[in-house]
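Novice:
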Amino acid sequence: MSESSSPIALVVVPVTPFAQNCSVIACTATSRAAVVDPGGDLDAIDAVLNEHAFTLEKVLVTHGHLDHCGQAAEFAERHAVLIEGPHHEDAFWIDQLPGQGARYGFPPLRAFVPSRWLDDGDVVTVGSLSFEVFHCPGHTPGHLVFFQREARIA
2 MSESSSPIAL VVVPVTPFAQ NCSVIACTAT SRAAVVDPGG DLDAIDAVLN EHAFTLEKVL
62 VTHGHLDHCG QAAEFAERHA VLIEGPHHED AFWIDQLPGQ GARYGFPPLR AFVPSRWLDD
122 GDVVTVGSLS FEVFHCPGHT PGHLVFFQRE ARIA
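The sequence shown begins at 2 in my numbering and counts up one residue at a time.
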């Protein structure tokens, strides 16, 4: 986890057989958290939330690849929170999640529509923190980056 003097706590949780980096980010002032890219291994993500006594506020998704968002819908439902992101250009990836999951041997994956598609210039909040949203197509057409300027964390 990041230093305690920082306004943000960050815990990286490798998830899925692809070992992609899911991030638990939390506001140290409020202990409110977001999980970025819960592609799988939801119990491991929950263990981090519980260990640090973080209260989950939302799920953030950077892009529509199965290892990043394959279990976002299940995780959001489990915690009764909303999903924000990715950019709408990745809707076609999200729509393909069930077939892609089966093809790669993942547990059943569900397509979803986020509560909020994000665009370049949007801002998302976690506790008292604000994250600038940058649309960075390339890896996927709808790929996003979340940047917390004060802590200089993307």
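We treat Cβ as the ideally placed atom computed from N, Cα and C, and that holds for glycine. Since we're looking at a predicted model, the values are computed, not measured.
In terms of residue numbering, what span does the alpha helix (DSSP H) encompassing residue 21 cover?
Specialist: No alpha helix (DSSP H) contains residue 21, which is instead part of the beta strand (DSSP E) from 21-28.
Novice: Among 45, 57, 22, 46, which one has its Cα closest to the Cα of residue 28?
Specialist: For the residues 45, 57, 22, 46, the minimum Cα distance to residue 28 belongs to 57.
Novice: Apply the 10 Å Cβ neighbour rule to residue 24 and answer buried if 16 or more other Cβ atoms are within range, or exposed otherwise.
Specialist: So residue 24 ends up on the buried side.
Novice: For residue 82, which of helix, strand or coil comes out of DSSP?
Specialist: DSSP places residue 82 in coil when its eight states are reduced to three.
Novice: With DSSP collapsed to three states, give me the class of residue 76.
Specialist: DSSP places residue 76 in helix when its eight states are reduced to three.
Novice: Which residues share a DSSP beta bridge with residue 33?
Specialist: The partner list for residue 33 (beta bridge, DSSP) reads 56.
Novice: How close, in whole Å, do the beta carbons of residue 13 and residue 42 come, if the pair is a contact with beta carbons under 8 angstroms?
Specialist: No, residue 13 and residue 42 are not in contact; Cβ-Cβ is about 12 angstroms, not under 8 angstroms.
Novice: With DSSP as the reference, label residue 117 as helix, strand or coil.
Specialist: Three-state result, residue 117: strand.
Novice: Step through the CB atoms of chain B and report whether any lies within less than 8 angstroms of the CB of residue 7.
Specialist: Among the chains of the structure shown, chain B does not appear; only one protein chain is present.
Novice: Suppose you measure from the CA of residue 150 to the CA of residue 132; what does that come to, to the nearest Å?
Specialist: Taking the straight line joining both Cα atoms gives about 7 angstroms.
Novice: Could you check the C-alpha separation between residue 52 and residue 44 for me, to the nearest Å?
Specialist: When rounded, the distance between both Cα atoms is 12 angstroms.
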